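Following: one structure in structure tokens, then a few remarks.
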């Protein structure tokens with residue numbers, strides 16, 4: 088048959104995945120609600136701090152501010168409200184990095200388990216699509232919306248923060264170079280690791296919820312970063328962010344290699360379906 | 050060059066041998082009926098020939114492309130209807146077809162034209178924008194058949210194409226297979242519906258048998274049961290056995306169920322002589338009809354023959 092314009096099979100599969108996703112209201116809600124909540128709740132909390140902190144006992148806040156600025160010298164020379172917003176804002180900003188774990192696990196689990204439940208794996212693999220094209224399309228179909236939604240949510244958070252921050256200094260203490268590096272480098276890598284592992288787990292699962300359990304495991308290291316920030320043991324400096332990105336890149340490569348080995352035509356057909 | 054050729058094709062799953070030493074030659078433009086009991090390895094064979102799984106040993110070419118070496122070319126030249134329709138329920142019939150056409154490297158404009166052609170042939174054009182999840186089993190099966198043909202493959206594998214369809218839908222599908230045959234495509238039909246296989250197939254093979262015979266249904270009937278004539282009388286047929294046996298062209302004659310069964314090589318020429326001899330002997334003939342055997346008889350005979358030989 089004539090082929091006037093080459094078909095990009097990766098884009099074709101991605102488009103099909105998204106057409107299926109947007110028809111599932113529950114799935115769409117699961118994709119939209121967390122980014123909205125993760126952006127608006129911190130903004131609301133920081134607004135409350137900015138509005139109501141002045142009503143609290145000034146002496147207690149001053150003592151707390153002194154202690155915190157000793158733990159984190161970058162926060163020195165801030166007044167009590169600025170300090171409270173900066174400290175709480177930094178903690179809440181860390182929670183953003185849960186999104187690249189939660190969102191792609193939802194999509195990728197449906198994307199692979201969905202093929203199994205609708206018994207489309209065999210006709211799909213009977214086409215001349217290359218296995219790597221299929222794997223890449225599945226990964227990108229989950230990665231692109233997850234990362235875009237994470238970034239949109241972060242932009243919403245940054246916009247809200249600009250409105251409620253007690254001063255520009257508070258804004259720059261929260262939206263700092265380290266946080267931006269994590270957002271733009273580590274978040275996509277985290278999402279990629281989640282997708283690769285979810286696809287691997289999906290090989291054995293017949294229910295998307297089972298495949299999503301992998302995200303529960305991946306949330307743990309992020310919670311450690313969160314705790315590290317709270318206790319002052321870890322500050323998300325550009326160096327820490329870059330180091331984290333290197334480690335995550337290695338882990339992502341490992342996860343993709345592992346999943347690529349599982350994602351073989353015959354294995355998919357004889358063991359996955 | 051045949052459309053499909055296999056030599057000693059074997060597939061093992063661990064210790065279990067699913068297909069052993071399959072050797073086949075299917076000419077272009079043939080409707081080939083691949084018969085056999087459940088678990089005989091029919092699906093595994095189709096999967097190997099569609100380059101979905103690799104053989105453990107042996108070789109095969111499909112449309113001139115060797116499986117295991119030119120798998121993408123094999124996949125481009127075959128269309129496959131799997132055991133289950135396997136469609137995306139959340140997409141419409143048209144979206145399903147256009148998506149799969151794209152994977153077969155058909156551009157979108159052509160894919161839409163092809164989808165229109167096949168959906169009209171399958172009497173589903175009015176439902177093209179409905180989600181497949183709301184379709185009946187028969188409708189899904191028709192969409193899956195359209196998908197198997199959307200890229201105009203010269204070789205088509207159809208696994209139980211009419212299973213579970215109502216008689217009207219089954220008729221539509223059978224007519225469609227005939228149309229594909231007229232177009233000159235090679236059709237590899239896996240079915241348990243022996244009447245359908247008899248009606249559609251140029252060649253058949255019963256898979257479970259170790260020395261698999263590939264032949265036309267008529268030749269297999271002749272080889273297994275011979276040819277002959279059935280004669281019914283108004284009296285007991287047993288008394289006319291000796292009259293029939295006395296004729297030089299009669300190989301055998303036996304009476305059962307009120308009928309005299311007479312085996313001979315060329316009933317068209319020899320029936321007048323037979324009838325004449327019987328009438329002259331005073332036989333009160335009621336009916337004369339050709340001796341027929343269904344494909345089911347052929348199938349069961351081949352299986353029984355194999356079991357008797359191989360245990």
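Chains as they are written, first to last, in my numbering: chain Y, 88 to 360; chain R, 50 to 360. Backbone N, C-alpha and C fix where the C-beta goes; we use that ideal spot for every residue, glycine too. This structure is a prediction, so every number in the text was calculated from the model and none was measured.
Neighbouring residues, chain Y, relative to residue 125 of chain R (Cβ below 7 Å): 215
Taking Cβ positions, are residue 202 of chain R and residue 128 of chain R nearer each other than 7 Å? yes
Within 10 Å of its beta-carbon, does residue 213 of chain Y have 16 or more other beta-carbons around it, so buried, or fewer, so exposed? With 16 or more other Cβ atoms within 10 Å, it is buried.
Does the beta-carbon of residue 355 of chain Y, which I'm using as the reference point, lie nearer than 6 Å to any heavy atom of the ligand NAD? Here there are no bound small molecules, and the ligand NAD is not part of this structure.
Cβ of residue 203 of chain Y less than 7 Å from any chain R Cβ? No - not a single Cβ of chain R is within 7 Å of the one on residue 203 of chain Y.
Leaving out the 5 sequence neighbours to the left and right, which residues in its chain are closer than 8 Å to residue 141 of chain R when beta-carbon positions are compared? 177, 178, 179, 180 and 181
Grab me the residues of residue 327 of chain R's own chain with a C-beta within less than 8 Å of its C-beta, minus the 5 sequence neighbours each way, in chain order. The answer, listed in chain order, is 280, 289, 292, 293 and 334.
Determine whether the Cβ of residue 154 of chain R lies closer than 7 Å to any Cβ atom of chain Y. yes
Please state if the CB of residue 166 of chain R and the CB of residue 205 of chain R are separated by a distance shorter than 7 Å. no
Kindly indicate if chain A contains any beta-carbon less than 7 Å away from that of residue 161 of chain R. This model lacks chain A altogether; the protein chains it does include are Y and R.
Measuring only the C-alpha atoms, how far is residue 320 of chain R from residue 278 of chain R? Approximately 8 Å between the Cα atoms of the pair.
Let's test the definition: count the other Cβ atoms within 10 Å of the Cβ of residue 242 of chain R and tell me whether it reaches 16, buried, or not, exposed. buried
Identify the contact partners of residue 169 of chain Y in chain R, using a Cβ-Cβ distance below 9 Å as the criterion. Chain R residues near residue 169 of chain Y: none, gap ~50 Å exceeds 9 Å.
Quick check on residue 261 of chain Y: does DSSP put it in helix, strand or coil? helix
Proximal residues to residue 341 of chain R (C-beta, below 7 Å), its chain only, five neighbours per side dropped: none
Contact criterion: CB-CB distance below 7 Å. Does residue 99 of chain Y meet it with respect to chain R? Taking Cβ atoms only, chain R reaches closer than 7 Å to residue 99 of chain Y, which makes this a yes.
Would you say the stretch 297–308 of chain R touches the stretch 244–254 of chain R, given that touching needs at least three Cβ pairs under 8 Å? no
In three-state DSSP terms, what is residue 165 of chain R? helix
Round the Cβ separation of residue 180 of chain Y and residue 286 of chain Y to the nearest angstrom and send it over; I've been treating them as touching at under 8 Å. In fact, because the Cβ distance is near 29 Å, the residues do not count as touching under 8 Å.
If you compare alpha carbons, which of R/193, R/351, R/77 and R/126 is closest to residue 206 of chain Y? R/193
Let me check one thing: in DSSP terms, what residues is residue 180 of chain R bridge-paired to? R/141
Pairing CB atoms from the stretch 152–171 of chain R with CB atoms from the stretch 234–241 of chain Y, are three or more of them under 8 Å? no
How many Å lie between residue 324 of chain R and residue 275 of chain R at the Cα? 19 Å
Restricting to Cα atoms, I'd like to know which of R/230, R/223 and R/228 is closest to residue 240 of chain R. R/223
List, in chain order, every chain Y residue whose beta-carbon is nearer than 7 Å to that of residue 89 of chain R. Going along chain Y, no residue has its Cβ under 7 Å from residue 89 of chain R, so there is no contact; the nearest lies around 17 Å.
Nearest residue (CA-CA) to residue 316 of chain R, options R/308, R/77, R/298 and R/78: R/298
Only counting runs of 3 or more residues, tell me where the beta strand (DSSP E) segments fall wholly within the stretch 56–119 of chain R, in order along the chain. 65–75, 80–84 and 106–111
Quick one: is residue 194 of chain R near chain Y, going by C-beta distance under 7 Å? no
Integer Cβ distance of residue 146 of chain R from residue 199 of chain R, believed to fall under 8 Å: 5 Å
Look at residue 93 of chain R and residue 60 of chain R and say whether their C-beta atoms are less than 7 Å apart. yes
What does the Cβ neighbour count give for residue 353 of chain R, buried or exposed, with the cut at 16 atoms within 10 Å? Under this definition residue 353 of chain R is an exposed residue.
Between residue 119 of chain R and chain Y, is any beta-carbon pair separated by less than 7 Å? no
Less than 7 Å between CB atoms is the rule here; does residue 228 of chain Y satisfy it with respect to chain R? no
Span of the beta strand (DSSP E) around residue 304 of chain R: Segment 299–305, the beta strand (DSSP E) holding residue 304 of chain R.
Over the uninterrupted alpha helix (DSSP H) stretch that includes residue 235 of chain Y, give me the two end residues. 218–251
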